[in-house]
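Residue numbers (this note's numbering): 2 to 179.
Just so it is clear, CB atoms sit at the ideal spot from N, CA and C, and this is done for glycine as well.
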Amino acid sequence: MMEMIVIYGSQYGSSKDYALELAKNINCGCKDYKEVKDLNNYNLIIHVGGLFAGGIKGLNTTLKYLAVQAKLIIITVGISDTTSKVNIDNIYKDIKRQVPSNILENTLIFHLRGAINYQKLSVVHRFLMSLVYKQAIKVDPEKRSEEDKAIIATYNNKVSFVDFAQLKPIIDAINNLI
Ligand SMILES: Cc1cc2nc3c(=O)[nH]c(=O)nc-3n(C[C@H](O)[C@H](O)[C@H](O)COP(=O)(O)O)c2cc1C
2 MMEMIVIYGS QYGSSKDYAL ELAKNINCGC KDYKEVKDLN NYNLIIHVGG
52 LFAGGIKGLN TTLKYLAVQA KLIIITVGIS DTTSKVNIDN IYKDIKRQVP
102 SNILENTLIF HLRGAINYQK LSVVHRFLMS LVYKQAIKVD PEKRSEEDKA
152 IIATYNNKVS FVDFAQLKPI IDAINNLI
């Protein structure tokens, strides 16, 4: 019997929206990582977290409480193009930094596209994004990565790529597991 839970780490809401929709579809509970104190009763943990300068929000907490026998699914939510192999490879490198290899080899990973609204960014995040933008704009247009392109295209704007249809392959994969 699979006891599963969806945990989200979300600053601006898109990871939370995806997590709630996913939990509804696979019929399980859903929690903010900040409320997680114990995961011993679960053998399938699905972590949905926003990408912030390479880190996946809340993932360290989930890893801390993950039971040894539990299976982990990581779902990243970022602004960059999730169909780009280069982008996915970059995200994977970031995940490798956060997740011990013995856990990672048994972990399923998926990517979703989130949203950004510069008017709603925290002061620190707005400043960080201005630095990232300055770096991206310096790169020769032909050599820009998908992340550079996404940053430039969305800078100072409000854009949302949130689309629950992106959850379909994830729901299918989870239903195959359980
Ligand atoms: C400071 C900052 C850093 C970010 N870094 C990345 C990144 O490295 N890769 C990416 O794809 N998106 C990045 N984003 C975009 C966020 O991942 C995107 O806004 C996502 O929807 C955030 O999730 P949330 O809405 O659940 O908080 C960044 C956004 C901010 C504000």
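Counting along the chain, where does the beta strand (DSSP E) carrying A116 start and finish?
It spans 116-118 - the beta strand (DSSP E) in which A116 sits, taken as one unbroken run.
Taking M130 as part of the alpha helix (DSSP H), name the residues at either end of that continuous run.
From DSSP, the alpha helix (DSSP H) with M130 extends over 124-139.
Going by DSSP in three states, K38 sits in which element: helix, strand or coil?
The answer is coil: DSSP assigns K38 none of H, G, I, E or B.
Does the beta-carbon of V78, which I'm using as the reference point, lie nearer than 7 Å to any heavy atom of ligand 1?
Yes - ligand 1 has a heavy atom lying nearer than 7 Å to the Cβ of V78.
Please return the same chain residues whose Cβ sits closer than 8 Å to the Cβ of I57, not counting the five positions on each side in sequence.
Counting only Cβ-Cβ distances below 8 Å, and skipping sequence neighbours, we find G10, H48, G50, G51, I75, T77, D95, I96, Q99.
Rank T155, N42, A71 by C-alpha distance to the C-alpha of G115 and give the top, closest one.
That would be T155, whose Cα lies nearest to the Cα of G115.
Report the residue from D39, I153, L23, G30 whose alpha carbon sits nearest the alpha carbon of D141.
Minimum Cα distance to D141 is reached at I153.
Within the same chain, show all residues whose beta-carbon is closer than 6 Å to that of N26, passing over the 5 residues directly before and after it, in chain order.
The residues are I172.
So does Q12 have its beta carbon nearer than 7 Å to some heavy atom of ligand 1?
Yes, ligand 1 has a heavy atom inside 7 Å of this Cβ.
Buried or exposed, going by whether 16 or more other CB atoms sit within 10 Å of the CB of V37?
So V37 ends up on the buried side.
Sorry if obvious, but does the Cβ on I117 come closer than 7 Å to a heavy atom of ligand 3?
This structure lacks ligand 3; the ligands present are ligand 1.
Taking the C-alpha atoms as reference points, what is the distance between L132 and K139?
Roughly 11 Å between the two C-alpha positions.
Just to check, is the beta-carbon of L64 closer than 7 Å to a non-hydrogen atom of ligand 1?
Outside the cutoff, so no.
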